[in-house]
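Numbering-wise (this note's numbering), the sequence shown opens with residue 1 and increments by one. We treat Cβ as the ideally placed atom computed from N, Cα and C, and that holds for glycine.
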Amino acid sequence: MTWLTAPFAFPFMVDALLIAVIVAIPASLLSCFLVLRGWALMGDGISHAVLPGIVIAYLAGIPLLIGAFVAGMICALAAGWLDANSRVKPDTTLGVVMSGMFGLGIVIYTQFPTDVHLDHILFGNILGVGREDFISAGSISAVVALVLVLKWRDFALLVFDPVQARVAGLPVAWLHYGMLAMISAVVVAMLSAVGIILSVSLLIAPGAIAFLLTRRLQAMLALSVLIGTGSSLLGIWISFWLDSAPAPTIVVVMTALFTLVFAWRQLTARRAVTG
């Protein structure tokens, strides 16, 4: 049985597992609401759009997390404003804003050399996380998870019926922009672990898989967290034996799990029809 526990005999592997679980919990909870509301690409857009904020924050000598959060909010608010004031569809406006900000970040990065390694920004450095990463990611994750657990009914009504939420007296605008702020915050929390590009998987896959398994929101939230944390544990364990990068391996595990669950649902549906 030592082959099961051998990877976690190394402190850096334990740290990688802990940080992955810390960021997976709020990301998995958020993914349920993003999937149900059709905002799956919002996490992708914000995760790419934080790059110029990171580079500018480094050049200005302020914490990178502040720059990333501000850039993420600018992306979300700009896409929302364009959606409300043009005939262009939401996914198109988000794509334009996201690609523009990501391109701007690359240009600034190449024009002003920094000590920040681009690979770490894009793909994370989960095996090299330190005390500051645990503090920042843990703080953000705890706040976001607490808000979602306490206010999940309000967010659920917003997702399923915004008009009814407004009639019921809920602060729809606050909930809307609060969710955008939480997406940006969680993306910032995931920077040190899974990086910009791969963070989108944690914001989509757990909720999508849970949606295939249940139609009850409470069960979906619980399953999503279980899937996100379980995939993180399995992905890091597999990466040790394959000598592969942990973050991409976690994503591959979640993709494989989605494929298996989707195939199982299709098979079950066909049997129900033929039976």
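*In this structure, does DSSP put VAL200 in helix, strand or coil?*
One-based indexing of the sequence shown puts residue 200 at position 200. In the structure shown, VAL200 sits in a helix (DSSP, three-state: H, G or I).
*According to the neighbour-count rule (16 or more other Cβ atoms, all chains shown, within 10 Å of its Cβ), is ASN85 buried or exposed?*
Within the sequence shown, residue 85 is the residue found at index 85, counting from 1. Under a 10 Å Cβ-count criterion, ASN85 is classified as exposed, with fewer than 16 other Cβ atoms of the shown protein chains found around its own Cβ.
*In its own chain, which residues sit with a C-beta less than 7 Å from the C-beta of ILE196, not counting the 5 before and 5 after it?*
The residue labelled residue 196 in the question sits at position 196 within the sequence shown. Excluding positions up to five away in sequence, the list reads SER47, HIS48, VAL50, LEU51, ILE121 and LEU122.
*In whole angstroms, what is the alpha-carbon distance linking ASP44 and TRP174?*
Locating residue 44 in the sequence shown gives position 44, where the first residue counts as 1. Locating residue 174 in the sequence shown gives position 174, where the first residue counts as 1. Computed Cα separation, rounded: 22 Å.
*asked:* Using a Cβ distance threshold of 8 Å, determine whether the stretch 209-216 contacts the stretch 52-66, with at least three qualifying pairs required.
replied: Counting C-beta pairs with one atom in each stretch, the stretch 209-216 and the stretch 52-66 have fewer than three that are closer than 8 Å, which means they do not touch.
*Contact check, LEU36 vs VAL159, beta carbons under 7 Å*: In the sequence shown, counting from the first residue as 1, residue 36 sits at position 36. In the sequence shown, counting from the first residue as 1, residue 159 sits at position 159. Cβ distance < 7 Å, so LEU36 and VAL159 count as in contact.
*Buried or exposed: VAL253, going by 16 or more other Cβ atoms within 10 Å of its Cβ?*
Taking the first residue of the sequence shown as position 1, residue 253 is located at position 253. Result: buried.
*What residues in its chain sit with their C-beta under 6 Å from that of MET13, if we drop five residues either side in the sequence?*
What you label residue 13 is simply residue 13 of the sequence shown in a count that begins at 1. Taken in chain order, the residues that qualify are PRO7.
*Would PRO206 pass as a contact of ILE227 if the rule is Cβ separation under 7 Å?*
In the sequence shown, the residue the question calls residue 206 occupies position 206. In the sequence shown, the residue the question calls residue 227 occupies position 227. In this structure, PRO206 places its C-beta atom within 7 Å of the C-beta atom of ILE227.
*Where does VAL276 land, buried or exposed, given buried means 16+ other C-beta within 10 angstroms?*
Here the chain covers residues 1 to 275 and nothing more, so residue 276 does not appear.
*Would a C-beta distance cut-off of 7 Å place VAL229 and ALA60 closer than the cut-off?*
Taking the sequence shown and counting its residues from 1, the one referred to as residue 229 is at position 229. Taking the sequence shown and counting its residues from 1, the one referred to as residue 60 is at position 60. Looking at the sequence provided, one finds Thr at residue 229 rather than Val. No, the pair does not count as a contact, with Cβ atoms beyond the cut-off.
*Measuring CA to CA, which of LYS151, ILE183 and PHE102 is closest to SER141?*
Stepping through the sequence shown from its first residue, residue 141 is reached at position 141. Relative to the Cα of SER141, the nearest Cα in the group LYS151, ILE183 and PHE102 belongs to ILE183.
*For THR259, which residues of its own chain have a beta-carbon under 6 Å away from its beta-carbon, when the five flanking residues on both sides are left out?*
As a working mapping, residue 259 is identified with position 259 in the sequence shown. Leaving aside the five residues that flank THR259 on each side, none in its chain has a CB nearer than 6 Å to its CB.
*Using CA coordinates, which residue listed in MET73, ILE54, ASP133 and ASN125 is at the minimum distance from PHE112?*
Position 112 of the sequence shown, counted from the start, is the residue given in the question as residue 112. Distances from the CA of PHE112 to each of MET73, ILE54, ASP133 and ASN125 were compared; the closest alpha carbon is that of ILE54.
*With a 10 Å radius around its C-beta and 16 neighbouring C-beta atoms as the bar for buried, classify VAL264 as buried or exposed.*
Within the sequence shown, the letter at position 264 stands for residue 264. The displayed chain sequence assigns Trp, not Val, to residue 264. Taking a 10 Å sphere around the C-beta of TRP264, we find fewer than 16 other C-beta atoms and assign the residue as exposed.
*I think ALA79 touches THR93, with their Cβ atoms under 8 Å apart; what is that distance to the nearest whole Å?*
Position 79 of the sequence shown holds residue 79. Position 93 of the sequence shown holds residue 93. Yes, ALA79 and THR93 are in contact; Cβ-Cβ is about 5 Å, under 8 Å.
*TRP3: which of PHE240, SER139 and ARG215 sits nearest, CA to CA?*
Position 3 of the sequence shown, counting from 1, holds the residue named residue 3. TRP3 has its Cα closest to that of PHE240, out of PHE240, SER139 and ARG215.
*asked:* Closest to THR249 by C-alpha separation, out of MET179, ARG215, GLY124 and LEU217, would be which residue?
replied: In the sequence shown, counting from the first residue as 1, residue 249 sits at position 249. Closest by alpha carbon: GLY124.
*Between GLY100 and ILE204, what straight-line distance do the alpha-carbon atoms span, to the nearest angstrom?*
Residue 100 sits at position 100 when you count from the first residue of the sequence shown. Residue 204 sits at position 204 when you count from the first residue of the sequence shown. One C-alpha to the other measures close to 22 Å.
*Could you check which residue in ASP83, GLY105 and PRO90 has the C-alpha nearest to that of GLY72?*
Position 72 of the sequence shown, counted from the first residue, corresponds to residue 72. Comparing Cα positions, the closest option is GLY105.
_Residue burial classification, TRP81 (beta-carbon count within 10 angstroms, cutoff 16)_ = Numbered from its first residue, the sequence shown carries residue 81 at position 81. Burial call: exposed.
*asked:* Using a Cβ-Cβ cutoff of less than 8 Å, which residues in the same chain neighbour LEU242 once the five nearest sequence positions on both sides are dropped?
replied: If you number the sequence shown from 1, residue 242 lands on position 242. Only THR249 meet the Cβ criterion.
*Give a yes or no on whether the C-beta atoms belonging to ALA16 and LEU127 are separated by under 7 Å.*
Translated into positions along the sequence shown, residue 16 becomes position 16. Translated into positions along the sequence shown, residue 127 becomes position 127. It is a contact, given that the beta carbons lie within the stated cut-off.
*Could you name the residues of the same chain whose beta carbon sits closer than 6 Å to that of LEU217, not counting the 5 residues immediately before and after it, in chain order?*
Sequence index remark: in the sequence shown, residue 217 carries index 217 (1-based). Excluding five sequence positions before and after LEU217, the CB atoms of its chain that fall closer than 6 Å to its own CB belong to ALA156, given in chain order.
*asked:* Measuring only the C-alpha atoms, how far is GLY169 from PRO90?
replied: Position 169 of the sequence shown holds residue 169. Position 90 of the sequence shown holds residue 90. Computed Cα separation, rounded: 26 Å.
*Separation of TYR109 from GLN266, as counted between CA atoms*: Looking up residue 266 in the sequence shown gives position 266. Looking up residue 109 in the sequence shown gives position 109. Cα to Cα, the separation comes out at about 45 Å.
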